[in-house]
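Visitor:
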Amino acid sequence: MTDSRLKNITLLILDVDGVLTPGEITYTGADSESKTFYVKDGFGIRMLRDAGLMVGVITGRQSEALDRRAAELKLDFCYSGIGDKSALLASILEQNECRPENAAFMGDDLPDIEIMKSVGVGIAVADAHPEVIKSADIVTRQCGGKGAVREICERILKDRGLWEEILQSWV
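Following this line, the structure appears as structure tokens:
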């Protein structure tokens with residue numbers, strides 16, 4: 030299934046908790062926590078980056094686990110501890126030479142609605158808050174932290190006509 034809204038996307042911006050993770054936080058000590066990231070989502074991000082697209086995250090929470098995962102995935106940017114995500118959007122677009130209509134944002138909860146409405150394509154994960162789903166242009170079939178990011182990465186590649194080339198590089 031192709032979606033013309035995705036064919037011009039050059040920048041995918043992701044929330045973290047509830048999108049790249051299932052939204053769970055495990056406290057492992059007084060000052061430490063762990064997060065679970067889905068490997069297949071990470072591979073989807075790698076495929077987008079291999080195709081020359083940009084991927085980054087904006088999240089409200091700071092986390093060493095996120096910093097490590099962002100470095101592993103070689104994300105174009107990783108902003109954590111951000112209360113007003115949409116306030117940062119203009120700067121991100123300028124730094125990455127991207128117009129709003131060429132950016133997509135993927136979120137799951139109420140703080141994501143404003144930024145979703147400020148980009149070309151707002152994406153909600155399947156288990157997002159109902160208000161986020163109502164505000165989204167696209168809703169994934171997969172839940173956050175369980176393949177939703179991979180689903181969107183593949184859809185972007187297919188809709189941009191890049192899927193076969195990426196697929197051939199792996200088979």
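Here the sequence shown is numbered in my numbering, starting from 30 and rising by one per residue.
Idealized CB from N, CA, C, for every residue including glycine.
None of the values given here were measured: they were computed from a predicted structure.
(1) Just confirm the distance between the C-beta atoms of SER164 and ILE142, as a whole number of angstroms; I'd bet it's less than 8 Å.
(2) Output the boundary residues of the beta strand (DSSP E) element that contains LEU41.
(3) If we count Cβ pairs, one from each stretch, closer than 8 Å, do we get three or more for the stretch 39-51 versus the stretch 67-83?
(4) For a quick check, are the C-beta atoms of VAL154 and ASP137 less than 7 Å apart?
(5) Using only alpha-carbon positions, find the residue among GLN197, CYS172, GLU194 that is nearest to LYS69.
(6) I'd like to know if GLY71 contacts chain D, where contact means its C-beta is closer than 7 Å to some C-beta of that chain.
(7) Please check the pair LEU102 and CYS182, which I expect to be a contact at CB under 8 Å, by giving their CB distance rounded to whole angstroms.
(8) Along the beta strand (DSSP E) that carries GLY190, what are the first and last residues, could you check?
(9) May I ask you to report which of helix, strand or coil DSSP gives SER198?
Guide: Concretely, from the data shown:
(1) For the purposes of this step, residue 164 is identified with residue 135 of the sequence shown, where counting begins at 1. For the purposes of this step, residue 142 is identified with residue 113 of the sequence shown, where counting begins at 1. A Cβ-Cβ distance of about 5 Å is found for the pair SER164 and ILE142, placing them in contact under the 8 Å criterion.
(2) Taking the first residue of the sequence shown as position 1, residue 41 is located at position 12. Its beta strand (DSSP E) spans residues 40-43.
(3) These segments touch.
(4) Taking the first residue of the sequence shown as position 1, residue 154 is located at position 125. Taking the first residue of the sequence shown as position 1, residue 137 is located at position 108. Yes. Within cutoff.
(5) Against the sequence shown, residue 69 aligns to sequence position 40. Ranked by Cα distance from LYS69, the first of GLN197, CYS172, GLU194 is CYS172.
(6) The structure shown contains no chain D; it holds only a single protein chain.
(7) Start at 1 with the first residue of the sequence shown, and residue 102 comes out as number 73. Start at 1 with the first residue of the sequence shown, and residue 182 comes out as number 153. Contact doesn't hold; Cβ gap of about 11 Å is too wide.
(8) The sequence position of residue 190 within the sequence shown is 161, counting from 1. Segment: none, GLY190 is in no beta strand (DSSP E) and carries neither H nor E.
(9) Numbered from its first residue, the sequence shown carries residue 198 at position 169. Here SER198 sits in coil by DSSP.
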